[in-house]
Amino acid sequence: MISKSKLAIIETTDLYKAFGNNKVLRGVNLSIQKGESLAIIGTSGSGKSVLIKNIIGLLDPDSGAVRIKGTNVLSLNDKRRGEFNRKFGVLFQGAALFDSLPIWENIAFGLIQLDGLDRKTAYEKAQETMLQVGLSPEIAKLYPGELSGGMQKRVGLARAITTKPEIIFFDEPTTGLDPIMASIIDNLIIKNVRELGATALTITHDMSSARRIADKIAMIHEGKIIWNGPVNEINNSGNSIVEQFINGSSSGPIDTSVVR
Amino acid sequence: MKLIRSLGSFFLYSLSTTGRIGIFTGVSLIHCFSPPFYRKVLWHQLIEIGFYSLPVVGLTAIFTGMVLALQSFSGFGFSNENTISNVVVWGITRELGPVLAGLIVAGRIGASIAAEIATMRVTEQIDALITLSTNPYKYLIAPRIIASVIMLPMLVLVTDIIGVMGGFLVSIYDFGFDPVIYLRHTWNNLEFVGFISGIVKAIVFGFIIAIMGSYHGYHATGGSQGVGRATTNAVVSSSILLLLFNFIITAAFFIK
Ligand SMILES: Nc1ncnc2c1ncn2[C@@H]1O[C@H](COP(=O)(O)OP(=O)(O)OP(=O)(O)O)[C@@H](O)[C@H]1O
Ligand SMILES: [Mg+2]
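Those protein sequences? They're chains A and B, same order as listed.
Residue numbering for the first sequence follows the numbering used here, beginning at 6 and increasing consecutively.
Residue numbering for the second sequence follows the numbering used here, beginning at 4 and increasing consecutively.
Listed below in structure tokens is the structure:
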């Protein structure tokens, strides 16, 4: 489905990852073109977060390769790998804001630590980014613990985009939010990814969110990508697992009796 | 047979843990001495570890000095300015100052280092640091080690002074000793090696506390329960190591 002629910006080949006896990834092959927005769907515990962590280097796969712009990053040393990390922006599943730092410093962290901006300029830039994600600059000096979940997600989003990354990873950006807030966050993602001209990889359970955000969808099941293709083809995937997932029915090929 | 097997596995487990802590210590040390240095974080830790420990360390010191004077007066029948001041100065500078300050800081700082880093681990804040190309050893661990190694000797110095003052107060007001003579004897009884051994202990204790707190915090797993476990392990292991090294350093200084 994805043409091999263009060079993929992210490509995983035969990625395996197990925790003890729990074989989470069992040969994941995925490729994302520059500027594309891909959503990865899959049941809870299917290894979506583990897959992202293998790509950005927070976990090391047992075997397989991860190529970023054609370079196999697994063979790089920590320092060179760190340089690749500069191209990434990540919104974590639980936002993972630094709770010892005020909101603005969370957002400006990359600007201060990576780009070496002075604190005053960084503060101003953080405020700009806050406006972009619909946060009032008045909360700049509050701490993450003082914000609601939806606001924390926005701060996480702001932190992921301030350094103008080439590739952005969103791990369940809308989970736990009300439908209105979820669609607001979706629109922020679409708008900011487009403005940056970035490539986006979004994990989600939420089909309406996936349809809004993504150009392409890939479904992970039992450690493999079982289907991938353009958004508008997912309703006619011809795959019973995908059908069960997008219809959210409890009977079908997906084993719902045990949750791993 | 079962006993031997469980003893054996305990032995292997201890060995591998020691190895892991050793590697962790080595890596942390490398990062203490190589840039970038996070001065703001270091400053924050210096205040946190040094300044905010002052009240509790000061209170411990004054009561310990007082009780030392009382005990030696009533218990041993020592009863002049020379003997009492001698016991107080020796006891405080060589042993009680560093050990009590160390144990109290282990409870206060060791626990908070472990809890803070463990929380960052289980809420993926450490992962977030890495994705922002910031090395958690440099950003989180090195400043805590440096601050702890700098501040513990300071705290022990304060403990020495306040502890000796506690003994002085009891001697003057309870035993009716002459303050001038007592102070002169205190000064004469103060020996350089004893004082220095206390400061060396403080440096080592500061290192142990920061390393154990960071190690247990960094390797925490499993939610809030994991944070609790990391905190307990940090305090218990640093307290025991601290007492062990207290013995080793004392032996190194005073056994010929
Ligand atoms: N660090 C880890 N150590 C051990 N097991 C892990 C670790 N991280 C994830 N797992 C296991 O890997 C499996 C997949 O986890 P993962 O977090 O990727 O799920 P997910 O698809 O993101 O689910 P969700 O949608 O609920 O977030 C789970 O069984 C989990 O227990
Ligand atoms: Mg997940």
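Glycine included, every Cβ here is placed at the ideal spot set by N, Cα and C.
Since the model is a prediction, treat every value here as computed from it, not as a measurement.
Item checked: Residues surrounding ligand 1 [beta-carbon distance to nearest heavy atom under 5 Å] -> 24(A), 29(A), 49(A), 50(A), 51(A), 52(A), 53(A), 54(A), 55(A) and 265(A)
Checklist line | Nearest residue (CA-CA) to residue 247(B), options 114(B), 106(B) and 224(B) | finding: 106(B)
Note to self: Closer than 7 Å to a non-hydrogen atom of ligand 3 - does that hold for the CB of residue 208(A)?
What the structure shows: For ligand 3, the structure offers nothing, since it holds only ligand 1 and ligand 2.
Item checked: alpha helix (DSSP H) runs wholly inside the segment 166 to 226 of chain B, at least 4 long, in chain order -> 182 to 192 and 195 to 221
Check: Got a sec, what are the start and stop residues for the alpha helix (DSSP H) residue 271(B) sits in?
Finding: As displayed, chain B neither begins before 4 nor continues past 259, which places residue 271(B) out of reach and without an answer.
Next item on the list: Quick one: list the residues of chain A neighbouring residue 128(B), beta-carbon separation under 7 Å, in chain order.
Entry: 101 and 103
Next item on the list: Tell me where the beta strand (DSSP E) around residue 100(B) begins and ends.
Entry: Looking at the DSSP string, residue 100(B) is not in any beta strand (DSSP E); the run it does join, the alpha helix (DSSP H), is 100 to 108.
Note to self: Is it the case that the segment 227 to 247 of chain A contacts the segment 62 to 77 of chain A, given that we only count it when at least three CB pairs across the two stretches are under 8 Å?
What the structure shows: no
Check: Does any residue of chain B bring its CB to less than 8 Å from the CB of residue 118(A)?
Finding: yes
Check: Which of the residues in the segment 122 to 151 of chain B, read from start to end, lie with their CB under 7 Å from any CB of chain A?
Finding: 126, 127, 128, 130, 131, 133, 134, 135, 136 and 137
Next item on the list: Following the continuous alpha helix (DSSP H) through residue 226(A), name the residue where it begins and the one where it ends.
Entry: No alpha helix (DSSP H) holds residue 226(A); the beta strand (DSSP E) holding it covers 221 to 226.
Next item on the list: Classify residue 137(A) as helix, strand or coil using the three-state DSSP reduction.
Entry: helix
Next item on the list: Go ahead and label residue 217(B) buried or exposed: buried means 16 or more other beta carbons lie within 10 angstroms of its beta carbon, across all protein chains shown.
Entry: buried
Check: Where do the N-terminal and C-terminal ends of the alpha helix (DSSP H) with residue 58(B) fall, by residue?
Finding: 57 to 77
Check: So residue 103(A) packs on residue 90(A), CB below 8 Å; how close in whole Å?
Finding: About 17 Å separates the two Cβ atoms, so there is no contact after all.
Next item on the list: Count the other CB atoms, across all protein chains shown, that sit within 10 Å of the CB of residue 124(B); report buried if there are 16 or more and exposed otherwise.
Entry: buried
Next item on the list: Would you check whether ligand 2 has a heavy atom nearer than 7 Å to the C-beta of residue 127(B)?
Entry: no
Margin query: Using CA atoms only, rank isn't needed, just tell me which of 179(A), 142(A) and 221(A) is closest to residue 238(A).
Written below: 221(A)
Next item on the list: Using a cut-off of 9 Å between C-beta atoms, extract the partners of residue 90(A) located in chain B.
Entry: 133, 134, 135 and 136
Next item on the list: Give the DSSP-derived three-state secondary structure of residue 38(B) in the structure shown.
Entry: coil
Notebook entry, point to check: Can a CB atom of chain B be found closer than 8 Å to the CB of residue 93(A)?
Noted result: yes
Next item on the list: With DSSP collapsed to three states, give me the class of residue 101(A).
Entry: coil
Notebook entry, point to check: Does DSSP classify residue 193(A) as helix, strand or coil?
Noted result: helix
Next item on the list: With DSSP as the reference, label residue 170(A) as helix, strand or coil.
Entry: coil
Note to self: Please state the DSSP three-state secondary structure of residue 51(B).
What the structure shows: helix
Notebook entry, point to check: Can you tell me whether DSSP reads residue 87(A) as helix, strand or coil?
Noted result: helix
Notebook entry, point to check: Exposed or buried, which one is residue 8(A) when buried takes at least 16 other CB atoms within 10 Å?
Noted result: The pLDDT assigned to residue 8(A) is 46, lower than 50, so where the model puts this residue is not dependable; a value taken from the coordinates is nonetheless given after this. Residue 8(A) is exposed by the Cβ-count criterion.
Item checked: Same chain, Cβ closer than 7 Å to residue 238(B), five either side skipped, listed in chain order -> 109, 110, 113 and 114
Next item on the list: Using three-state DSSP, classify residue 63(A) as helix, strand or coil.
Entry: coil
Item checked: 8 Å Cβ cutoff, residue 114(A) in contact with chain B -> yes
Next item on the list: Using three-state DSSP, classify residue 6(A) as helix, strand or coil.
Entry: Bear in mind that a pLDDT of 44 at residue 6(A), under 50, signals an unreliable position, so the number given afterwards is only what the model happens to contain. Coil at residue 6(A), not helix or strand.
Checklist line | chain B within 8 Å of residue 166(A), Cβ atoms only | finding: no
Check: Is there contact between the segment 72 to 92 of chain B and the segment 57 to 68 of chain A, where contact requires at least three CB pairs shorter than 8 Å?
Finding: no
Check: Is residue 63(A) close to chain B, meaning its C-beta is less than 8 Å from at least one C-beta of that chain?
Finding: yes
Checklist line | Beta-carbon contacts of residue 251(A) that lie in its chain and below 6 Å, excluding the five residues immediately before and after | finding: 212
Notebook entry, point to check: Going by other Cβ atoms of all chains shown within 10 Å of its Cβ, with 16 needed for buried, is residue 109(A) buried or exposed?
Noted result: buried
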